[in-house]
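So the sequence shown is numbered by the working numbering: it starts at -16 and just counts up by one.
No residue lacks a Cβ here, since even glycine has one placed at the ideal position from N, Cα and C.
Please read these numbers as outputs of a predicted model, since none were measured by experiment.
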Amino acid sequence: MDITTLIGLLVGVGCMVVAFLMDGGHLMALLKPTAAIIVFGGTIGATVAGYKLEEIKTVPQLLRIAFTEQNVDIVGLIRQLAGIADKARREGLLSLEQELADVEDRFLRQGLQLIIDGT
-16 MDITTLIGLL
-6 VGVGCMVVAF
4 LMDGGHLMAL
14 LKPTAAIIVF
24 GGTIGATVAG
34 YKLEEIKTVP
44 QLLRIAFTEQ
54 NVDIVGLIRQ
64 LAGIADKARR
74 EGLLSLEQEL
84 ADVEDRFLRQ
94 GLQLIIDGT
């Protein structure tokens, strides 16, 4: 589990609770199940209404990614980006299409495809 995600969630919830208590609220007011159902149910409902079913199905996978540690070779990624930028500068944006097969990072590959397509 990626500890920073857990720490971030705890800090966020902790700040809300402390601010609520500092403003004169009672802790039990935050623990009412009806309020939680309204807030979380409404949030989930609004989220589901705003996305396609195919996107909703990816939520468990995205949660696993958020809570697991990802080992990314930052230096290698920077070198790859520098090489791509150099090629784009020398040969033009359309030359980047040859680089797509060598890009392992899905996000970077999608971004390059958008650049090539001019979108």
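Ranking 18, 56, -15 and 80 by CA distance to the CA of residue 98 puts 80 first. Distance from the CA atom of residue 100 to the CA atom of residue 85, rounded to whole angstroms, is 18 Å. Taking 8 Å as the cut-off, the beta carbon of residue 96 is found closer than this to the beta carbon of residue 83. Remark: C-beta atoms of residue 6 and residue 51 do not approach each other more closely than 8 Å. Distance from the CA of residue 65 to the CA of residue 72, rounded to the nearest whole angstrom, comes to 10 Å. Looking at the backbone, the Cα of residue 10 and that of residue 1 are separated by about 9 Å.
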